[in-house]
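Below is one structure, written out as structure tokens, with a few remarks after it.
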Amino acid sequence: KAGVTQTPRYLIKTRGQQVTLSCSPISGHRSVSWYQQTPGQGLQFLFEYFSETQRNKGNFPGRFSGRQFSNSRSEMNVSTLELGDSALYLCASSLAGIGTDTQYFGPGTRLTVL
Amino acid sequence: AQSVTQLDSQVPVFEEAPVELRCNYSSSVSVYLFWYVQYPNQGLQLLLKYLSGSTLVKGINGFEAEFNKSQTSFHLRKPSVHISDTAEYFCAVNTNFGNEKLTFGTGTRLTIIP
Chain A
296 KAGVTQTPRY LIKTRGQQVT LSCSPISGHR SVSWYQQTPG QGLQFLFEYF SETQRNKGNF
356 PGRFSGRQFS NSRSEMNVST LELGDSALYL CASSLAGIGT DTQYFGPGTR LTVL
Chain B
2 AQSVTQLDSQ VPVFEEAPVE LRCNYSSSVS VYLFWYVQYP NQGLQLLLKY LSGSTLVKGI
62 NGFEAEFNKS QTSFHLRKPS VHISDTAEYF CAVNTNFGNE KLTFGTGTRL TIIP
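Listed below in structure tokens is the structure:
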């Protein structure tokens, strides 16, 4: 079974721009969650989508948004980029969600904001 | 609100020696607890999880962890480490109701000394 894939793997953007990251979950998984990883803040939960609906949300500003398609693929969008948005963005998929299920993580997208 | 504390940011250990990585959590409700490992340039991989039942949980690669409710701890142990165990280890907690999300500790970098 193919693992979780994330595209692109690396991105360089400038302040004020917007960016869209993509995540393809393991086949059959309906839950996709997103995390931001930085040296200072560690791993922080952004949001979870399940069957095309946002089910849970972390404490991030509205500039961070996402969506999930009918094939469970998910996209995350960050508008009006700030220097502090530079991070590794990880997505994870699971069968039923983040409650008790094992989360399978992708390799991440490294975003650099200049 | 739930939180996770990993007291040691870095732990150097000689090869074939035992290791314990500490994790304490705070939550006013029942929790699910997880340990994830992140190898260099990769996403996270589940080592083990505690949902209920036996407080001693065995995971992959010879790791185990013990849930201690009175001390609100979930320390990770391995009796004999190998070079391949060099990685960053994250403890995570999830409440079993409410706005579910995985809250991660800041991570412990385990370095194996040959």
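Chains as they are written, first to last, in our numbering: chain A, 296 to 409; chain B, 2 to 115. Glycine is no exception: its CB is placed at the ideal position from the N, C-alpha and C atoms. Bear in mind the structure is a predicted one, so any value in this text is a computation, not a measurement.
Is it true that the CB of residue 339 of chain A sits closer than 8 Å to the CB of residue 353 of chain A? Yes, the pair counts as a contact, with Cβ atoms nearer than the cut-off.
Between which two residues does the beta strand (DSSP E) harbouring residue 12 of chain B extend? Residues 11-15.
Taking the beta strand (DSSP E) that residue 66 of chain B belongs to, which residues open and close that run? It spans 65-69 - the beta strand (DSSP E) in which residue 66 of chain B sits, taken as one unbroken run.
Cβ closer than 7 Å: which chain A residues qualify as neighbours of residue 95 of chain B? Ordered by position in chain A, the residues that pass the 7 Å Cβ test against residue 95 of chain B are 393, 394.
CB residue 33 of chain B to CB residue 50 of chain B, shorter than 8 Å? Contact: yes.
Can you tell which of B/91, B/68, B/73 has the C-alpha that lies nearest to the C-alpha of residue 26 of chain B? Ranked by how close their Cα comes to the Cα of residue 26 of chain B, the residues B/91, B/68, B/73 have B/73 in first place.
Which residues of chain A have a Cβ atom closer than 7 Å to the Cβ of residue 43 of chain B, listed in chain order? Here the neighbours are 402.
Continuous alpha helix (DSSP H) assignments of at least 4 residues falling wholly in the segment 350-403 of chain A: Here no run is fully enclosed.
Against chain A, with Cβ distances strictly below 8 Å, would residue 33 of chain B count as a contact? Yes - at least one Cβ of chain A is within 8 Å of the one on residue 33 of chain B.
Starting from the beta carbon of residue 338 of chain A, find every residue of chain B whose beta carbon is closer than 7 Å, and list them in chain order. Result: 91, 105.
Considering only residues of the same chain and omitting the five flanking positions on each side of residue 115 of chain B, which have a CB-CB separation below 7 Å? For residue 115 of chain B, where only same-chain residues beyond five positions count, the Cβ hits under 7 Å are 16, 84.
Given residue 20 of chain B, which residues of its chain have a CB within under 6 Å of its CB, disregarding the five upstream and five downstream residues? Exclusion of the five residues before and after residue 20 of chain B leaves 14, 79, 82 as the residues of its chain whose Cβ lies within less than 6 Å of its Cβ.
Please report the distance separating the alpha-carbon of residue 322 of chain A from that of residue 345 of chain A. Roughly 14 Å between the two C-alpha positions.
Closer than 7 Å by beta-carbon distance: list the chain B residues that pair up with residue 379 of chain A, in chain order. None at all; the shortest Cβ gap to chain B is about 17 Å.
For residue 392 of chain A versus residue 301 of chain A, is the C-beta spacing smaller than 8 Å? Not a contact, by the Cβ cut-off of 8 Å.
Within 10 Å of its beta-carbon, does residue 44 of chain B have 16 or more other beta-carbons around it, so buried, or fewer, so exposed? With 16 or more Cβ atoms within 10 Å of its Cβ, residue 44 of chain B is classed as buried.
Through-space distance from residue 326 of chain A to residue 397 of chain A, alpha-carbon basis: Cα-Cα distance, rounded: 11 Å.
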